[in-house]
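S.K.: Can you read through this structure? Questions will come right after.
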Amino acid sequence: MELALAEAKAARDLGEVPIGAVIVSAAGEVLAQTGNRTLTLRDPTAHAELLAIRAAAAKLGSRLTACDLYVTLEPCAMCAAAISFARIRRLYFGAADPKGGAVEHGPRFFHQPTCHYAPEVIGGLGETRAGALLKDFFAARR
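Note that my numbering numbers the sequence shown so that position 87 is 105, with each residue one more than the last.
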């Protein structure tokens, strides 16, 4: 999660919403690490999770069954779907997102009967620091 938090800070420094994601292989190798780039890339789908999944899939193929994803904020519905499609083994996330999250909040994507694959989910990892990054970012913008 430390690498994901560093990526979130790097995203913040670019003016992006500070969310970071890291994908690690079963052997502990970091396959991808990135932060949000929706503004930089002019792409509303350039969430940290999607960019990390794309980078890891470019190395291993579209099925990331032995990989774990660390992300600083509870994934949205779009990212939850991508996590499911990529067959990520385990999802670790930091701060909960009652407004836009789709794992423990909102649609609870992985609990839907239409979800073909659900990873193991561990929430709250680094929650205080991840939440503070987001709160400080949005407080500075107001």
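Just so you know, even glycine gets a beta-carbon here, dropped at the ideal spot from N, CA and C.
Answer yes if the stretch 70–81 comes into contact with the stretch 40–53, meaning at least three C-beta pairs across the two stretches below 8 Å, and no otherwise.
M.R.: As far as the Cβ criterion goes, the stretch 40–53 touches the stretch 70–81, which means the pair count is three or higher.
S.K.: Report the rounded CA-to-CA distance for T83 versus R105, giving the unit in angstroms.
M.R.: Approximately 5 Å between the Cα atoms of the pair.
S.K.: Taking C-alpha atoms, which residue in G46, A45, A39 and A44 lies nearest to R55?
M.R.: It is A39 whose Cα lies nearest to the Cα of R55.
S.K.: Just list the residues that DSSP pairs F111 with in beta bridges.
M.R.: Looking at the DSSP assignment, F111 forms a beta bridge with V89 and G141.
S.K.: Over what stretch of residues does the alpha helix (DSSP H) that includes L23 continue unbroken?
M.R.: Residues E20 to D31.
S.K.: Once the 5 residues before and after G33 are set aside, which same chain residues still bring their CB inside 7 Å of it?
M.R.: Here the set comprises L57.
S.K.: Please classify A84: does DSSP put it in a helix, a strand, or coil?
M.R.: Three-state result, A84: coil.
S.K.: Whole angstroms is fine: what's the gap from R135's alpha carbon to F155's?
M.R.: The sequence shown places Tyr at residue 135, rather than the Arg named in the question. Spanning the two alpha carbons is a distance of roughly 33 Å.
S.K.: Do you know whose CA, among R147, D61 and V42, lies nearest A113's CA?
M.R.: The residue with the shortest Cα to Cα distance from A113 is R147.
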